[in-house]
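Counting with the working numbering, you get residues 58 to 413 for the letters of the sequence shown. Glycine included, C-beta positions come from ideal geometry on N, C-alpha and C.
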Amino acid sequence: MAEVRKGQAPQPLERQEFHLQFMRSFKDPAFEAASEALAQVEEIAWKNYHAGRKAPVTQKAGLGFADPDYDLSVEWKATRDRLLAAERRQKDAATRSRVLLIIGAARNDGTCPGEISKTYRMTLWAREVLEAADIEADVLDLSLLTSSYDLHIHPCKGCVSTAMPLCHWPCSCYPNHAERQTSDWMAEIYEKWVAAHGVIILTPTYWYQAPSVLKLMIDRLVCADGGNPDPTSTHGKKANEAKDIELKGWDYPKHLAGRAYGLVVHGDVAGTESLRRNLADWLDWMGLIDAGHQSALDRYVGYYESYAESHAVLDQDEKFQQEVRNVARSVAAAVLMLREGQLRKPDAGVRPARPK
């Protein structure tokens with residue numbers, strides 16, 4: 058049996074520290090009128106934290122699971138059921154083709170920047186192309202994380218590095234009600250990915266890398282590449298059980314493989330090419346299929362020019378606008394071929410020597 062190493066995590070909060078943490082959300086003097094009610098809620102929250110009530114509402118897993126008698130989170134079960142339904146629709150030849158357009162920028166005019174992102178505009182061009190091809194365009198605007206009330210993509214906890222079967226598909230780390238790690242957007246985002254026949258990620262480059270809103274989603278998609286669809290097999294987060302399962306042999310299922318993809322990566326000084334390569338490598342690794350040379354774009358908009366005029370520069374760059382549309386055209390063509398059975402990864406049937 059593989060050893061489970063311990064000793065890094067801090068001790069749980071004491072009561073007074075918990076009080077200080079809890080009340081940080083209620084610094085506005087307007088909450089003073091509800092101080093007694095807040096104290097009651099805080100006491101319940103403290104007891105739940107102390108008792109570790111991660112998933113307070115559960116149901117028996119039932120047939121189809123390794124341990125039918127295990128108490129599964131009703132929230133996880135509902136997400137899993139929606140993914141199964143989305144997968145059935147995605148594989149139904151009678152359904153309309155769908156492409157997921159992902160806005161990776163953190164900027165929108167509903168928060169501090171006060172202006173829409175250039176990425177948003179690019180997404181509108183791509184959507185026009187897809188809709189003209191009779192493809193449903195599903196837009197996922199990750200900038201909503203910066204402008205929506207209590208909406209989160211919580212960070213990946215790295216379960217996969219303990220053992221792949223401990224990383225559940227979909228992720229079961231959230232919500233964690235005891236730790237107040239709730240309002241996690243990923244349950245909806247997983248469904249969008251599963252329902253899509255193609256994906257186009259449109260993103261700026263922040264400091265040579267992916268914007269944080271995009272990277273949060275990427276990390277939480279690790280469960281789509283090798284993740285365990287049955288949390289009862291590890292009885293939740295039992296690390297020793299997950300290690301035993303992996304050591305006996307794990308097939309690392311690729312839950313999103315076979316979808317087509319395109320990329321639009323833009324910037325103003327540096328980093329676009331490396332980010333485009335990183336995103337393509339990640340999507341290739343998960344088993345998605347690139348839609349051809351014109352489906353992967355990295356360009357500079359207003360190279361070393363002012364930020365203040367970047368939208369005006371984009372207005373004038375008609376070649377770039379056409380290139381963005383060509384990404385969408387390429388993905389549209391790939392989706393058509395995919396659904397007609399004419400497109401697949403050439404090495405899809407080759408078992409890797411290193412399946413991890």
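Residue i - DSSP class collapsed to helix/strand/coil
i    : result
V61  : coil
I302 : helix
V392 : helix
R382 : helix
Q414 : Nothing about residue 414 can be read from this structure; the chain reaches only from 58 to 413.
K31  : Any answer about residue 31 is impossible in this case: the structure gives the chain only from 58 up to 413.
I210 : coil
D341 : helix
D372 : helix
D276 : helix
E144 : helix
C169 : coil
V217 : helix
R408 : coil
Pairwise C-alpha distance: residue j and residue i
i    : j    : result
L202 : Q373 : 30 Å
H76  : L70  : 9 Å
P286 : K413 : 17 Å
A29  : I101 : Outside the modelled stretch of the chain, which goes from 58 to 413, sits residue 29, for which no answer is possible.
H225 : Y360 : 43 Å
L340 : L120 : 33 Å
R401 : A348 : 11 Å
L157 : E93  : 46 Å
D276 : H107 : 29 Å
L336 : F122 : 34 Å
S331 : A391 : 24 Å
I160 : S205 : 15 Å
L371 : L304 : 53 Å
V251 : R396 : 15 Å
F88  : S82  : 10 Å
D282 : H209 : 22 Å
A142 : V381 : 32 Å
Q147 : E362 : 43 Å
Close Cβ partners of residue i (< 8 Å) along its chain, the five nearest in sequence each way excluded
i    : result
H292 : D124, Y127, E298
N327 : Looking at the sequence itself, residue 327 is Ala, so the reference to Asn does not match. Answer for A327: T262, Y265, listed in chain order.
S269 : A163, Y263
T115 : D128, L129, S130, V131
A267 : G161, T260, I275, L332, N335, L336
K117 : P125, D126, Y127, D128, L129
A221 : It should be pointed out that residue 221 corresponds to Met in this sequence rather than to Ala. Hits under 8 Å: G283, G284, N285, A299, E303, W307, Y309, K413.
Extent of the continuous beta strand (DSSP E) to which residue i belongs
i    : result
D198 : 193-198
Q116 : 115-117
H323 : 317-324
T260 : 255-261
R155 : 155-160
D124 : Run containing D124: none; DSSP gives neither H nor E here.
Any chain C beta carbon closer than 7 Å to residue i
i    : result
A112 : In the structure shown, chain C does not exist; there is a single protein chain.
Cut-off 6 Å between Cβ atoms - residues of its own chain near residue i, not counting five sequence neighbours on either side
i    : result
G344 : K311, A314
D207 : S240
P288 : H225, S229
N20  : Since the first residue of the chain shown is 58 and the last is 413, residue 20 is not available in this structure.
D198 : I160
Neighbourhood of residue i by C-beta distance below 7 Å, restricted to the same chain and skipping five residues each side
i    : result
R333 : L320, V322, A353, D355
G324 : P261, T262, Y357
E99  : H76, F79
C280 : C224, H225, W226, P227, C228
M284 : The displayed chain sequence assigns Gly, not Met, to residue 284. Hits under 7 Å: C224, H225, W226, H312.
T180 : L158, I160, V196, L259
Q238 : H211, Y231, P232
C213 : D276, R277, V279
W103 : R72, F75
Cross-strand partners of residue i (DSSP beta bridge)
i    : result
A353 : L320
N233 : Q238
D282 : K311
S130 : T115
D347 : Y318
Q266 : Y263
H225 : N285
Unbroken alpha helix (DSSP H) run spanning residue i, endpoints
i    : result
V186 : 175-189
D287 : Taken as a continuous stretch (DSSP letters only), D287 belongs to no alpha helix (DSSP H), as it is neither H nor E.
K249 : 243-252
W103 : 92-108
S363 : No alpha helix (DSSP H) contains S363, which DSSP labels as neither H nor E.
Q203 : The sequence given here has Thr at residue 203, not Gln. Note, T203: alpha helix (DSSP H), 201-204.
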